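2 protein chains.
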Amino acid sequence: MSHHRTSRTDLSRYVAGMQKGSERYLARLITLVESESESVPGIMRLIFANLGRAVKIGITGPPGAGKSTVIERLTREARDRKRGVGIVCVDPTSPFTGGAILGDRIRMDRHYLDEGVYIRSMATRGRLGGIADATSSVSKLLDAFGKDLIFIETVGVGQTETDILSIADLTVVVLVPEAGDSVQAMKAGLLEIADIFVVNKADRPGADNLANELTAALHSREDKVGLDKPVLTVQAAHDVGMAELYEAIEKQVQSLRSSGIFKRRRVEQRRNEFIRIVETMVRSSLLSSVDEDAALRDFVGRVEQGIAEPYTAAGELLQNGSLIKALRGDG
Amino acid sequence: MSHHRTSRTDLSRYVAGMQKGSERYLARLITLVESESESVPGIMRLIFANLGRAVKIGITGPPGAGKSTVIERLTREARDRKRGVGIVCVDPTSPFTGGAILGDRIRMDRHYLDEGVYIRSMATRGRLGGIADATSSVSKLLDAFGKDLIFIETVGVGQTETDILSIADLTVVVLVPEAGDSVQAMKAGLLEIADIFVVNKADRPGADNLANELTAALHSREDKVGLDKPVLTVQAAHDVGMAELYEAIEKQVQSLRSSGIFKRRRVEQRRNEFIRIVETMVRSSLLSSVDEDAALRDFVGRVEQGIAEPYTAAGELLQNGSLIKALRGDG
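Top line first, the protein sequences correspond to chains A and B. If you're matching positions, the first sequence starts at 1 in the numbering used here and goes up one per residue. If you're matching positions, the second sequence starts at 1001 in the numbering used here and goes up one per residue.
Here's what the structure looks like:
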């Protein structure tokens, strides 16, 4: 835990400032959420009443698929329709392979000039807590700030990325016509994750093939929810098909809402988030009680020394009074 | 949770078979650990008395650094010294970028013919629980099986990879002479993570430069623990410097042991693991109690509907009797 803890008064001041439209306070709150885990509950309590309006759109796909360009064009479509846009870029991959995203990101800079757009890259190192939790908190800040649409960009669909996508209301998977991409997509479980498929760089050979393969694969599956998942071919860099994509996203949001899936997803997201919060509180209660309670310290010490078997010990801890005392805060 | 749960009798039979030296039972237990989370506590209880002997060596670095070749050569050095070797390859990156590792892996196949070596690739999708937890459990199985050395191969040092390296007793970082690699290494916090640096493909230009830069960077830092971190140049593919690397690893293990760092790391690993186990138990108690307890279900339902603020609700849950009843198993 960090030793600095921003006071409750300061938090209230920052949130009030942000809600009056100050990007400076928004930026300060985002930095707090990324760097100072103790401030998160206080901030989230303060903005809770203003949450739920923004639609969160996950954009994922392999490196080089043109995700940033797609987001840039969609942002322009959204701005043409007077919608406020927030963009969160997450790069949970290794620093060795993270270069490509940074380059793409710079191309988005022109939007910095536009007051209706707020862009934030998530730092993945040196942060407390999980990147998925931080992305969720930053999205909430953008929601409370009054953005209508929030794009969340991630690379690929590894475990961390799937966690991040679980924050989104709708997920767009961007692919490019390259050998094996559709096979990879199926292996990666993208058919389940995607609500919309985009075949970008559609001027390249193989684009129609890829689109047809994806459509066929989607149709051959028993879709439990009966949601039609469109496959669109675009050329983001040449602005071909982007208005259609924007409209397909808006239409898909409507379908998700009217079918009840939109609400069901949010219920599930809130449940998962709640469980993570409870776990985190249990963890910190346990850690602080170990410092204060000699008997508990001895007990955990036996596990640390490899004397006590950890699963058996955890079961005992949950049955006996020590953890419960800790949870009640009277330890 | 999976609906199949392997019986306690079967688990005992598998563990007994594995401990008699059966690779078939070892493989079955690994599959269980990867696919059936409910079996993990039972298996870990059964093997607990046989844990702690194997030395776990993390091998990490960027794609293309030759990590698999390094492991292959180190394995041969270990086999020449009659040491049993286990290898766990983890690919936590996106399926889009995972191709390279698979190719490398195939080159290790010759070791399959050698009874002293057991190789396992970790599947990253469709598994229950975190990849770091699964890697830890598989390493424990290899330890209980009687392996002396366990190599854990991961790509890069993103968050998931750092979690995985936190399982290792010692970490080797493999780099190649390429522009910016040493800068990247520093940015990525590799100076802290690495116990040994390897500059592979040392016949390429820039190898000595990279080695010198790393050595200088290591020396310019106040090293709190006073551990000397060697930087070795090798050509794994041409078997140059590999016996020296193997001996440097053995020597570093000795230094870690005699300085007390080895033990301190394991204490910390056991503590972190214990906390994760407690968290997981709290999570499953909470989920099963929600099914059985109408009042608790209403309470969580208010969070799910977005009516109750989750941090406040989590605090209340820990203070009032519901979660405690659940933890005691009398709910």
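Here a beta-carbon is modelled for each residue, glycine too, at the ideal position from N, C-alpha and C. Just so you know, these numbers come straight off a predicted model, no measurement behind them.
As the crow flies, the alpha-carbon of A:T75 is around 26 Å from that of A:L32.
Only exposed fits A:D80, as fewer than 16 other CB atoms lie within 10 angstroms of its CB.
Cβ-Cβ separation between A:L256 and A:L190: approximately 18 Å, too far for a contact (criterion under 8 Å). Neighbours of A:E309 in chain B, taken as residues whose beta carbon is under 8 Å from its own, are M1044, R1045 and F1048 in chain order.
DSSP places A:Q235 in the strand class (E or B) of the three-state scheme. When C-beta atoms of the region 1199-1206 of chain B are compared with those of the region 1230-1244 of chain B, three or more pairs fall below 8 Å, so the two segments count as touching. For B:E1273, the C-beta contacts it makes with chain A under 8 Å involve P310, in order along the chain. Considering only beta carbons, the part of the region 289-301 of chain A lying closer than 8 Å to chain B consists of V300, in chain order. For B:V1155, there is no enclosing alpha helix (DSSP H), as DSSP marks it with neither H nor E. The continuous alpha helix (DSSP H) containing A:T69 extends over residues K67 to D80. The criterion of a C-beta distance shorter than 8 Å is not satisfied by B:V1173 and B:I1057. Collapsing the DSSP output to three states places A:T60 in a strand.
DSSP, reduced to helix, strand and coil, places B:G1226 outside both helices and strands of the structure shown, so it counts as coil.
The three-state reading of DSSP puts A:I164 in helix, counting H, G and I together. Chain-ordered, the chain A residues with CB closer than 8 Å to the CB of B:M1281 read A314, G315 and L318. When secondary structure is reduced to three states using DSSP, B:V1253 falls in the helix class.
Assignment of B:V1267 by DSSP, reduced to helix, strand and coil, places it in the helix class. B:M1122 is not a Cβ neighbour of A:L318, given a cutoff of 8 Å. Annotation for B:R1120: no alpha helix (DSSP H) segment contains it, though the beta strand (DSSP E) segment containing it runs V1117 to M1122. Chain-order list of chain A residues neighbouring B:E1304: V267, R270 and R271, by C-beta distance under 7 Å. Two segments are said to touch when three or more pairs of C-beta atoms, one from each, lie closer than 8 Å; by this definition the region 1141-1148 of chain B does not touch the region 1207-1216 of chain B. The C-beta distance from B:E1077 to B:A1248 rounds to 11 Å, too long to meet the 8 Å contact threshold. Cβ-Cβ separation between B:V1117 and B:V1070: approximately 15 Å, too far for a contact (criterion under 8 Å). Residues of the region 12-26 of chain A with a C-beta less than 8 Å from any C-beta of chain B: none at all. Within chain A, no C-beta atom comes less than 7 Å from the C-beta of B:G1066; the nearest is roughly 14 Å away. A:L11 and A:A65 have their C-alpha atoms spaced approximately 39 Å apart. The continuous beta strand (DSSP E) containing A:V172 extends over residues L170 to L175. Excluding five sequence positions before and after B:L1218, the CB atoms of its chain that fall closer than 6 Å to its own CB belong to K1229, given in chain order. By the C-beta density criterion, A:G226 is exposed, having fewer than 16 other C-beta atoms within 10 angstroms. Sorting A:S285, A:G52, A:A313 and A:S68 by C-alpha distance to the C-alpha of B:R1270 places A:A313 at the top. A:I307 counts as exposed, since fewer than 16 other C-beta atoms from the protein chains shown sit within 10 angstroms of its C-beta.
Interface flag for A:G146 against chain B is unset, since no Cβ pair is found closer than 8 Å.
In the structure shown, B:G1086 falls within a strand segment according to DSSP collapsed to helix, strand and coil.
Around A:R53, the same chain offers D143 as residues with beta carbons nearer than 7 Å, after the five sequence neighbours per side are excluded. What A:G52 touches in chain B, judged by beta-carbon distance under 9 Å, is G1306, going in chain order.
Contacts with chain B at 8 Å (Cβ-Cβ) do not include A:P177.
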